[in-house]
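Asks: If you're matching positions, the sequence shown starts at 10 in the numbering used here and goes up one per residue.
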Amino acid sequence: MLRYTGVKLELLTDYDMVLFMEQGIRGGLVQASERYCRANNPKTPGYDAEKPPSWLVYQDCNNLYGYAMGEYMPHGGFKWYEGDLDRSLELLDGMTDKSDVGRIYEVDIAYPDHLHDAHNDLPFLPRNAVPPGSKVNKLMATLERKERYIVHYRNLKQAIANGLIVEKVHRVLEFQQSAWLAKYINLNTEMRKKACNEFERDFFKLLNNAVFGKTMECVRNRISMELVSCPRRMRKLINKPTFKHVTTYTENLAAVSLQHSDIHFSKPIYVGFAVLEISKELMYDYHYNVMRRHYNDSIRLMYMDTDSLIYRIHTDDFYKDLLDNPALLERMDTSNLPVTHPCYVGTRKKIPGLFKDETASRVMYEFIALRAKSYAYKLEGDEKLVAKGIRGHVVRNHMTFEDHKRCLFEVDDDDDDAADGVESEEVGDDDEDDYMEDDFDDDATLKGEELKRRARLMARSVISTIHENAAAATAAAIDGVEFTPTPLPPYTPYTPYRQNVSIRSFEHRVKTIKTMKMTLNRFDDKRVVDDDRVRTRAYGHYALRV
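Below, the structure is given as structure tokens:
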């Protein structure tokens, strides 16, 4: 990339600037703003003409980070702004996306109450924080006042234009910027358009994403490892202040991990920071200046995952809206729609920053989200499930859309708001069902054991059915007859647990592990959930004040 672009990137030598950049880095935003909806239009099952028409729309941004890297990126000339800090805000008005000089601000910023209802779906300026009752730092979009918030000038301009108020400017970092990376990004984008198979498409996408990954690499996390067989050497390494941990393989062999005593900040993390900020600016611009501007109060953001948006829209026909409003259609890549579709346009294929219809014109008619990275939806003749951290075979064979609905609406377990429970054992260990229904009372621990027992029983039943279907399909193929598979049995009575089976390596010993995980959990601490379990409010909303 550096050879192709011919750019020379300046590395930060001021440690305060390094810390400044590190504190401003925030990853992709994922949240469930409204957790359930069923569309109602002539193309959906169970359409009721007496109810207002509505559509569920799933849109995904083409190569979001590739778009951001094609914009003006920092490359050198870093210095602290020495002028009047209050006047530095006035300079924002004269700055454009293509200004030669860019700025990063550290500000105190307030969110006025009159904006809370309008911005509740997607508040500006998300921040890393630990939610109430949690111990894990998460990226959350909140309506709270923010202190010493580090933000790119483009995002700050956007927030101010939408009503947020800057109360104080603490520091401003100036830099030189240009579109030095666009040449490389455009090359890979064109090569991806010409790709003839999935491998080539993924390869050229990876070439773009790999650049972003290296600019975000945290050199603080690097370690050195040494294999040790001498007791004296082992004692010496363990006594070092940089000692991290030791892994013992045999009586005479161990691996000692050490942190680096000196850290060389050799990565241009300011590029990664700018990419993340500009990508968020695009997503907010599309939500507020395209979708919200057109539909006003008739649209609700259901779910967001970094580069994708799921909307509920009260309209007669979403695709007719696209045809009637060029301002909407020109922001979309409709090349994945059928050629006969009225909205099909092939000239905008794979252009970074445009939004495509993730369902490719197939009508999505029901959606449910339990929490971030855990959702499901139904569309014509199919249903899709997403569950981060759960094995693919479990999602495909052991989870359904109805399981998600039961988890969200019907179940009232005492341990509902617990973190994901994990219980592991090696295959081959004793797995007898030692418990019966009558052995359990209202005790939460015993109740959890009963739910896990149900999961083990149902997992065996599902796997047995899969094996029987496979054997029957093989026999049918040999005999040349038609085969109809037996439907997989549902998890009845309900249990939120599922059994994951995986092959893992522990100390260079490969083992097959069975893990009992709580795969269905409606507890979401990134937002405040209303009593109906569907609507949510962002932290800081005026209605949450006591």
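Where a beta carbon is used, it is the ideal one built from N, C-alpha and C, also for glycine. Please read all numbers here as calculations on a predicted model, not as lab measurements.
On the criterion of 16 or more Cβ atoms from any shown chain inside 10 Å, does Asp447 qualify as buried, or is it exposed?
Replies: Confidence at Asp447 is low in this model, with a pLDDT of 47, below 50, so its placement is unreliable and the value that follows should be read with caution. Per the 10 Å Cβ criterion, exposed.
Asks: Drop a sphere of 10 angstroms on the beta-carbon of Trp64, count the other beta-carbons inside from all chains shown, and report buried for 16 or more, exposed for fewer.
Replies: That one is buried.
Asks: Could you work out which residue in Gln186, Pro121 and His323 is closest to Tyr81 when comparing CA atoms only?
Replies: Among Gln186, Pro121 and His323, the Cα nearest to that of Tyr81 belongs to Gln186.
Asks: Would you call the CB atoms of Ile194 and Met10 closer than 7 Å?
Replies: No, the pair does not count as a contact, with Cβ atoms beyond the cut-off.
Asks: If you draw a straight line from the alpha carbon of Val372 to that of Glu235, how long is it in whole angstroms?
Replies: In a straight line, the C-alpha of Val372 is about 56 Å away from that of Glu235.
Asks: Between the segment 160–180 and the segment 110–117, do three or more beta carbon pairs fall short of 8 Å?
Replies: Touching, per the Cβ criterion.
Asks: Going straight from the alpha carbon of Ser275 to that of Asn217, what length do you get?
Replies: If you take the alpha carbons of Ser275 and Asn217, they lie about 20 Å apart.
Asks: Is it the case that the Cβ atoms of Ile322 and Met311 are separated by a distance below 7 Å?
Replies: For Ile322 and Met311, no; Cβs fall outside 7 Å.
Asks: Using beta-carbon positions only, say whether Val284 and Tyr74 come within less than 7 Å of one another.
Replies: Contact: yes.
Asks: Assign Lys461 to buried or exposed, taking buried as 16 or more other Cβ atoms, counted over all protein chains shown, within 10 Å of its Cβ.
Replies: Lys461 should be labelled buried.
Asks: Are the beta-carbon atoms belonging to Phe221 and Ile34 less than 7 Å from one another?
Replies: Contact flag unset, no.
Asks: Suppose contacts are defined by Cβ-Cβ distances below 7 Å. Is Lys147 in contact with Lys535 by that definition?
Replies: Contact flag set, yes.
Asks: Give me the Cβ distance between Val280 and Pro83, rounded to the nearest whole Å; I'm assuming they're in contact under 8 Å.
Replies: About 7 Å separates the two Cβ atoms, so the contact holds.
Asks: In terms of residue numbering, what span does the beta strand (DSSP E) encompassing Leu21 cover?
Replies: No beta strand (DSSP E) holds Leu21; DSSP gives it neither H nor E.
Asks: Run through the DSSP bridge pairs and tell me what Arg96 is partnered with.
Replies: DSSP, once it has assigned bridges, lists no residue as partnering Arg96.
Asks: For my contact list, Leu124 and Ala150 are in at a C-beta cut-off of 8 Å; report their separation, rounded to the angstrom.
Replies: Not quite, the Cβ-Cβ distance comes to about 13 Å (not below 8 Å), so this is no contact.
Asks: Could you tell me which of Val145, Leu338, Tyr551 and Asp306 sits nearest to Thr324, measuring between CA atoms?
Replies: Ranking the options by Cα distance to Thr324, first place goes to Asp306.
Asks: Using only alpha-carbon positions, find the residue among Phe87, Gly92 and Ile308 that is nearest to Met26.
Replies: Nearest option by C-alpha distance: Phe87.
Asks: Relative to the C-alpha of Asn9, which residue among Val555, Gly36 and Val537 is closest?
Replies: This structure cannot speak to residue 9, because the chain is shown only from 10 to 555.
Asks: Below 7 Å between beta carbons: does that hold for Pro505 and Leu466?
Replies: Contact: no.
Asks: Let me know if Glu183 comes out buried or exposed under the rule of 16 or more other beta-carbons within 10 Å of its beta-carbon.
Replies: Buried, because 16 or more other Cβ atoms sit within 10 Å of the Cβ of Glu183.
Asks: Answer yes or no: do Asn334 and Ala369 have a C-beta to C-beta separation smaller than 7 Å?
Replies: Not a contact, by the Cβ cut-off of 7 Å.
Asks: Taking the CB atoms as reference points, tell me whether Arg44 and Ala385 lie closer together than 7 Å.
Replies: No; because the gap between Cβ atoms is not below 7 Å, this pair is not in contact.
Asks: Hey, Asn71 and Asp342 are a contact pair by Cβ (cut 8 Å); roughly how many whole angstroms apart?
Replies: The pair is a contact, with the Cβ atoms about 6 Å apart (cut-off 8 Å).
Asks: Go to Lys147, then tell me how far its beta strand (DSSP E) extends in each direction, as first and last residue.
Replies: Lys147 -> beta strand (DSSP E) spans Lys147 to Met149.
Asks: Measuring CA to CA, which of Leu332, Leu28, Met292 and Leu417 is closest to Val39?
Replies: Answer by Cα proximity: Met292.
Asks: In the segment 350–404, which residue ranges form an unbroken beta strand (DSSP E) of at least 3 residues, counting only runs that do not cross its ends?
Replies: Those beta strand (DSSP E) runs which fall completely within the segment 350–404 and span 3+ residues are 364–366, 373–380, 383–388 and 391–396.
Asks: Do you know how far the Cα of Lys107 is from the Cα of Leu331?
Replies: Approximately 30 Å, taken between the alpha carbons.
Asks: According to DSSP, is His269 part of a helix, a strand, or is it coil?
Replies: Residue state, collapsed to three classes: coil.
Asks: Identify, in the order they occur along the chain, each residue of the same chain with its Cβ nearer than 8 Å to the Cβ of Phe29, setting aside the five sequence neighbours on each side.
Replies: So the qualifying residues of the chain are Ile113, Glu115, Ile159, Arg180 and Leu182.
Asks: Would you mind reading off the limits of the alpha helix (DSSP H) that contains Ile159?
Replies: From DSSP, Ile159 is part of no alpha helix (DSSP H) but of the beta strand (DSSP E) over Lys155 to His161.
Asks: For Phe364, count neighbouring C-beta atoms within 10 Å of its own C-beta (all shown protein chains included) and say buried if the count is 16 or more, exposed if not.
Replies: Buried, because 16 or more other Cβ atoms sit within 10 Å of the Cβ of Phe364.
Asks: Ignoring anything shorter than 3 residues or poking outside the segment 42–79, list the beta strand (DSSP E) runs there in chain order.
Replies: Complete beta strand (DSSP E) runs here, min 3: 45–47 and 64–70.
Asks: Quick check on this structure: which residue in Ser42, Ser143 and Ala188 has the alpha carbon closest to the alpha carbon of Val110?
Replies: Ranking Ser42, Ser143 and Ala188 by Cα distance to Val110 puts Ala188 first.
Asks: Please report whether the beta-carbon of Gly37 lies at a distance below 7 Å from any beta-carbon of chain B.
Replies: The question asks about chain B, but that chain is absent: this structure has only one protein chain.
Asks: Sort out for me which residues DSSP pairs Gln167 with in a bridge.
Replies: Gln167 is not bridged to any residue.
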